[in-house]
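**Student:** I am attaching a structure below and will ask some questions about it afterwards.
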Amino acid sequence: MTGPRPVRQFVLKVHGRCNLACDYCYVYEMGDGSWRTKPRAMAPGTADAAVDRVAEHAAAHGLDAVQVVLHGGEPLLAGVAALRRVLTRARDRVPARVDFAVQTNGLLLDTAFLDLFAEFGVRVGVSLDGTAAGHDRHRRTHSGHGTHAAVTERLTALTGPYRHVFGGLLCVIDPTADPLATHTALTGFAPPVLDYLLPHGTWDTPPPGRAPDPTRTPYGDWLVTIFEHWYTAAPGPTSVRLFDALLDLLLGGESTVEGLGTDPSPQVVVDTDGGIARSDILAATVPTAAATGLSVHRDPFDAALAPAPPVCPTCAACPLLRVCGGGQPAHRHRAGSGLDNPSVYCPDLTRLITHASTRLAADLEHLR
9 MTGPRPVRQF VLKVHGRCNL ACDYCYVYEM GDGSWRTKPR AMAPGTADAA
59 VDRVAEHAAA HGLDAVQVVL HGGEPLLAGV AALRRVLTRA RDRVPARVDF
109 AVQTNGLLLD TAFLDLFAEF GVRVGVSLDG TAAGHDRHRR THSGHGTHAA
159 VTERLTALTG PYRHVFGGLL CVIDPTADPL ATHTALTGFA PPVLDYLLPH
209 GTWDTPPPGR APDPTRTPYG DWLVTIFEHW YTAAPGPTSV RLFDALLDLL
259 LGGESTVEGL GTDPSPQVVV DTDGGIARSD ILAATVPTAA ATGLSVHRDP
309 FDAALAPAPP VCPTCAACPL LRVCGGGQPA HRHRAGSGLD NPSVYCPDLT
359 RLITHASTRL AADLEHLR
């Protein structure tokens, strides 16, 4: 590849605040406090400018399809009217197929929103951390109350009459939670896609349970337990995105998940003030790490195109690099050396990738 690829995923932060206080949130609980100085919600003029930049980018690069993700904070706080405005303008102005998605905590997901999403074909992803105990341990209201009962009640409609817009469930891994109980609780809703995410952390602020000892792999062990269950089970309605991507890479395919593979699809994030960022996750390391100094009010998305951060020499020499990709860039950060390090999750990624590779190789050999 000779240069950065055009963007196909555009994350619009339509609302910059949240009605939850999740203890692992990379926006509100880590190093970036810039949200406090930005508008609570994306103004109509800013939303219009963001959509027009998407249309400009799609036309300039002859893209046949793009994805527009409504995000936050909690995007449903923006309200039905504001979201309808964004969806209508994108549908009418972008000269490509627009695949819409929204990622929500689910608390505000009522029939008014579901009717809107059904009208525009918006795929709805809901954050749910497994069992009631596992979810309520981390995903609480600002007053400290658990939210599992409220979220699962909202899921009733999404898994019933509105199942055609059900995009899937997102679960942040807690290595102290029972992995199979977590997986069983989530697959009980028969989501089309299930995402397991590593909680964000760095070498300076490691994720919970991620000790410096490279022989300990709590997150890798947790994922391997679910991988074995998933790998040996009969095919079901739920795809586990991480495992599907891992097997695709092991079989020579390309990356489809951020944090795996060496050439992930680029995305841009548009903040509530119109600022353009390459990935807001990087802001969890240093507040300015994701900033580009660009704005949809004056700059095209082409100005934000940049190659992925290079991996460190240790990763460059590792035989797992093609699959691991060095991990999520934010997880490589260490004060003094920036992103020039292996992922803080390196032992865990090695554990999972090695296990999956060995399992797959044995089965392929058996087929010969």
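Anchor point for the sequence shown: position 279 equals 287 in our numbering, and the numbering is continuous, going up by one each time.
Cβ atoms here follow ideal geometry from the backbone N, Cα and C, with glycine treated the same way.
These numbers come from a predicted model, not from an experiment.
#1: Which two residues bound the contiguous beta strand (DSSP E) that contains isoleucine 361?
#2: For aspartate 281, which residues from the same chain have a beta carbon less than 6 angstroms from its beta carbon, with the 5 sequence-adjacent residues on both sides left out?
#3: By how many angstroms is the C-alpha of threonine 167 removed from the C-alpha of alanine 49?
#4: If I follow the unbroken beta strand (DSSP E) through arginine 105, where does it start and stop?
#5: Counting along the chain, where does the beta strand (DSSP E) carrying arginine 131 start and finish?
#6: Flag this pair as yes or no: are the beta carbons of alanine 73 and alanine 104 separated by less than 8 angstroms?
#7: Starting from alanine 58 and walking both ways along the alpha helix (DSSP H), at which residues does that stretch end?
#8: Can you tell me the Cβ-Cβ gap for arginine 162 and leucine 115, rounded? I've got them flagged as a contact below 8 angstroms.
#9: Write down the C-beta distance between proline 215 and valine 352 rounded to the nearest angstrom, noting that I regard them as a contact closer than 8 angstroms.
#10: Could you pull out every residue in the same chain whose Cβ sits closer than 8 angstroms to the Cβ of proline 226, ignoring the five residues on either side in sequence?
#11: On the three-state DSSP scale, how would you describe isoleucine 181?
#12: Nearest-angstrom Cα distance between arginine 92 and leucine 124?
#13: Quick check on leucine 206: does DSSP put it in helix, strand or coil?
#14: Determine, using beta-carbon pairs with one atom in the region 329-337 and one in the region 185-195, whether at least three such pairs fall under 8 angstroms.
#15: Using beta-carbon positions only, say whether glycine 228 and leucine 122 come within less than 8 angstroms of one another.
#16: Count the other CB atoms, across all protein chains shown, that sit within 10 Å of the CB of threonine 10; report buried if there are 16 or more and exposed otherwise.
#17: Which stretch, first to last residue, makes up the alpha helix (DSSP H) that contains glutamate 84?
**Tutor:** Walking through what the data contain:
#1: Isoleucine 361 -> not in any beta strand (DSSP E); alpha helix (DSSP H) instead, spanning 354-375.
#2: Lys46, Pro47
#3: 29 angstroms
#4: 105-112
#5: 131-135
#6: yes
#7: 52-69
#8: 7 angstroms
#9: 7 angstroms
#10: Pro183, Gly217, Arg218, Asp356
#11: In the structure shown, isoleucine 181 falls within a coil segment according to DSSP collapsed to helix, strand and coil.
#12: Looking at the backbone, the Cα of arginine 92 and that of leucine 124 are separated by about 7 angstroms.
#13: coil
#14: no
#15: No, the Cβ-Cβ distance between glycine 228 and leucine 122 is not below 8 angstroms.
#16: Reliability of the predicted coordinates at threonine 10 is poor, the pLDDT of 48 falling under 50, and the value obtained from them is presented with this limitation in mind. Exposed.
#17: Note that residue 84 corresponds to leucine in the displayed sequence, not to glutamate. Judged by DSSP secondary structure, leucine 84 falls outside any alpha helix (DSSP H); it is assigned neither H nor E.
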